[in-house]
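S.K.: Okay, here's the structure, questions in a sec.
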Amino acid sequence: MKYSFFSLPIKEWEVKQNQEVLGSIEKRYLKTSFPAVQLANRKMLLISNLSFSYSSVPGHLFRIYKRLSSHELFAKLWDNQIKEEDKRLLKNINLSLASGKFIAVVGRNGSGKSTIAKIVVNLLSNYEGQVIWSGKELQTISIKSFAQNVSYIPQSSIIYNDISLLDFIAIGFSPREGLLTKISQAEKERQIMHVLSELNLQKEVKKSLYTLSGGNKQKAIIARSIIQGAKIIVLDEPLNFLDIKNKILVLEYLKSLQVKYGTTIVMIHHDLDQVKDYLDEVVVVDSGFLTNHIRLEGSPRGELLSNL
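The numbers in full-length UniProt numbering rise by one with no breaks, and the one at position 242 of the sequence shown is 242.
Laid out in structure tokens, this is it:
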């Protein structure tokens, strides 16, 4: 199977696009002296490590490589360290996160997993190292652009108790609107009701947040994040305050967003057992160190996870 090594990066493309790209590789590449196995290794390196270096790729393949890998890039952290009051919270973190995946960052309390999330979503700047988002330095991306593409749910979210659930979730539309791009109230309500029905909150839509249970408030925060329409959702312990039934409900819905729309889900969580069946990747953090990063696709899931 001489093209098997391309199956991972292009598997979600349309068949026509797959044939087009593979045809270009066959016609242009395999007639050169550049070894196919080296292309395979280099391609997998580009994808798995989210490298933006094309220096070893023949020039006539540059555009093909760019097309293939551009759908796989999300973020990369290089040599990240952070100190607070002389205590090093993160130590030499090197982490690549692929787009379109359901990723869990797990570890014990105080391990540094939430700190990684805050760095990734640009809430912390006092770190050493570098963070790259889709080929750009994180610090160079505008707040507006970032908000349009990334939604973040912290462990402790601000709740405006004196407004209705409908109005609270409608706040999520803000990054999607501008002077010339307005969403009608009817369309907003349609989208909100769709998300609420998926999270079994539709009957609460007119109620004040003050009257909602802790679990329903947590689902409301998740709903507002989804309404934002971001391509990437980062959630820090989102299953807190939820009973087993609602934990499964939220996980199923997040997984459906990933599968249907290619939404990237990054979940900070303390209990791998609760989320393992939904994951594509697991990142393990312990005492500020990255101790493991496992990609589960095409691998014996149970065997890999049993070693964590």
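Every residue, glycine too, gets a C-beta built ideally from N, C-alpha and C. Being a predicted model, the structure only gives us computed values, none of them experimental.
Taking just the CA atoms, how far does ASP271 sit from SER164?
M.R.: Residue mapping note: residue 164 aligns to position 164 of the sequence shown, counting from 1. Residue mapping note: residue 271 aligns to position 271 of the sequence shown, counting from 1. Their backbone Cα atoms lie some 32 Å apart in a straight line.
S.K.: On a CA-only basis, which of ASN240, ILE192 and ALA98 is nearest THR263? Give me that one, please.
M.R.: Here the question's residue 263 lines up with position 263 in the sequence shown. The option with the nearest alpha carbon to THR263 is ALA98.
S.K.: For residue 319, does the count of other Cβ atoms within 10 angstroms reach 16, so buried, or fall short, so exposed?
M.R.: The structure shown does not extend to residue 319, since the chain spans only 1 to 308, so no value can be given for it.
S.K.: GLY253 to ALA104, Cα distance in whole Å?
M.R.: Here the question's residue 253 lines up with position 253 in the sequence shown. Here the question's residue 104 lines up with position 104 in the sequence shown. The residue you asked about is not Gly; residue 253 is Tyr in the sequence shown. The straight-line gap from Cα to Cα measures roughly 16 Å.
S.K.: The beta strand (DSSP E) that contains LEU235, what's its start and end?
M.R.: Working through the sequence shown from its first residue, we reach residue 235 at position 235. Element bounds for LEU235: 232-236.
S.K.: In angstroms with no decimal places, state the Cα-to-Cα distance between ARG176 and GLY229.
M.R.: Numbered from 1 along the sequence shown, position 176 holds the residue referred to as residue 176. Numbered from 1 along the sequence shown, position 229 holds the residue referred to as residue 229. Cα-Cα distance, rounded: 8 Å.
S.K.: Starting from PHE102, follow its DSSP beta bridges and name the residues at the other end.
M.R.: Here residue 102 is taken as the residue at index 102 of the sequence shown, counted from 1. For PHE102, which the question treats as bridged, DSSP gives the partners ILE265.
S.K.: Excluding the five sequence neighbours on either side, which residues of its own chain have a C-beta within less than 7 Å of the C-beta of LYS247, listed in chain order?
M.R.: On the sequence shown, position 247 is the one that residue 247 refers to. LEU239 and GLN274, listed in sequence order.
S.K.: Under three-state DSSP, which class holds SER164?
M.R.: Indexing the sequence shown from 1 puts residue 164 at position 164. The answer is strand: DSSP assigns SER164 an E or B state.
S.K.: By the DSSP assignment, the beta strand (DSSP E) with ASP286 in it spans what residues?
M.R.: Sequence index remark: in the sequence shown, residue 286 carries index 286 (1-based). That run of the beta strand (DSSP E) goes 281-286.
S.K.: Give the straight-line distance between the Cα atoms of ASP236 and GLN155, rounded to the nearest whole angstrom.
M.R.: Taking the sequence shown and counting its residues from 1, one reaches residue 236 at position 236. Taking the sequence shown and counting its residues from 1, one reaches residue 155 at position 155. Using only the alpha carbons, I get a separation of about 5 Å.
S.K.: Name the residue from GLY288, HIS194, LEU199 and GLN218 whose alpha carbon lies nearest to the alpha carbon of GLY110.
M.R.: In the sequence shown, residue 110 corresponds to position 110, counting from 1. Looking at the Cα atoms, GLY288 is the closest of the given residues.
S.K.: Sorted by chain position, which residues of the same chain lie with C-beta nearer than 8 Å to LEU166's C-beta, five sequence neighbours on each side aside?
M.R.: Within the sequence shown, residue 166 is the residue found at index 166, counting from 1. Around LEU166: GLU189, ILE192, VAL205 and LYS206.
S.K.: Here's the rule I'm using: 16 or more other beta-carbon atoms within 10 Å means buried, otherwise exposed. How should ARG108 be labelled?
M.R.: Translated into positions along the sequence shown, residue 108 becomes position 108. Its Cβ having fewer than 16 others within 10 Å, ARG108 is exposed.
S.K.: Suppose the cutoff is 8 Å on Cβ atoms and the five residues either side in sequence are ignored; what does the same chain contact list for LYS144 look like?
M.R.: The residue labelled residue 144 in the question sits at position 144 within the sequence shown. For LYS144, where only same-chain residues beyond five positions count, the Cβ hits under 8 Å are PRO175.
S.K.: Using the Cβ count rule (16 or more neighbours within 10 Å means buried), how would you classify HIS194?
M.R.: Taking the first residue of the sequence shown as 1, we reach residue 194 at position 194. Counting Cβ neighbours within 10 Å, HIS194 comes out exposed, since fewer than 16 surround it.
S.K.: Who are HIS270's beta bridge partners in DSSP?
M.R.: One-based indexing of the sequence shown puts residue 270 at position 270. Bridge partners of HIS270: none, in fact.
S.K.: Who pairs with ASN292 in a beta bridge, going by DSSP?
M.R.: Translated into positions along the sequence shown, residue 292 becomes position 292. Its beta-bridge partners are VAL284.
S.K.: According to the neighbour-count rule (16 or more other Cβ atoms, all chains shown, within 10 Å of its Cβ), is VAL283 buried or exposed?
M.R.: As a position in the sequence shown, residue 283 is number 283, starting the count at 1. Burial call: buried.
S.K.: For a test of the three-state rule: what should DSSP assign to SER51, helix, strand or coil?
M.R.: Within the sequence shown, numbered from 1, the residue matching residue 51 stands at position 51. Any reading at SER51 must be qualified, since the residue scores a pLDDT of 29, below 50, and its modelled position is unreliable; the value itself is stated next. Of the three classes helix, strand and coil, the one that applies to SER51 here is coil, per DSSP.
S.K.: Out of VAL234, TYR210, LEU249 and ASN149, which has the shortest C-alpha to C-alpha gap to LEU196?
M.R.: Counting from one through the sequence shown, the residue named residue 196 turns up at place 196. LEU196 has its Cα closest to that of LEU249, out of VAL234, TYR210, LEU249 and ASN149.
S.K.: Helix, strand or coil for residue 342, going by three-state DSSP, please let me know.
M.R.: Nothing about residue 342 can be reported from this structure: the residues present for the chain run from 1 to 308 only.
S.K.: Kindly indicate which three-state DSSP category ILE183 falls into: helix, strand or coil?
M.R.: Within the sequence shown, residue 183 is the residue found at index 183, counting from 1. Looking at ILE183 - three-state DSSP - the assignment turns out to be coil, as it is neither helix nor strand.
S.K.: CA-CA distance, residue 314 and ILE265?
M.R.: Because the chain in this structure spans residues 1 to 308, residue 314 falls outside the shown range and cannot be described.
S.K.: Is the CB-CB distance between TYR210 and ASN149 below 8 Å?
M.R.: Here the question's residue 210 lines up with position 210 in the sequence shown. Here the question's residue 149 lines up with position 149 in the sequence shown. Cβ distance not < 8 Å, so TYR210 and ASN149 don't count as in contact.
S.K.: Do you know how far the Cα of SER142 is from the Cα of LEU290?
M.R.: By one-based count along the sequence shown, residue 290 stands at place 290. By one-based count along the sequence shown, residue 142 stands at place 142. Their Cα atoms are separated by approximately 29 Å.
S.K.: Give me, in chain order, the residues of the same chain whose beta-carbon lies closer than 6 Å to that of MET117; leave out the 5 immediate sequence neighbours on both sides.
M.R.: Taking the sequence shown and counting its residues from 1, one reaches residue 117 at position 117. The question names Met, but residue 117 in the sequence shown is Ala. So the qualifying residues of the chain are VAL234, ASP236 and ILE268.
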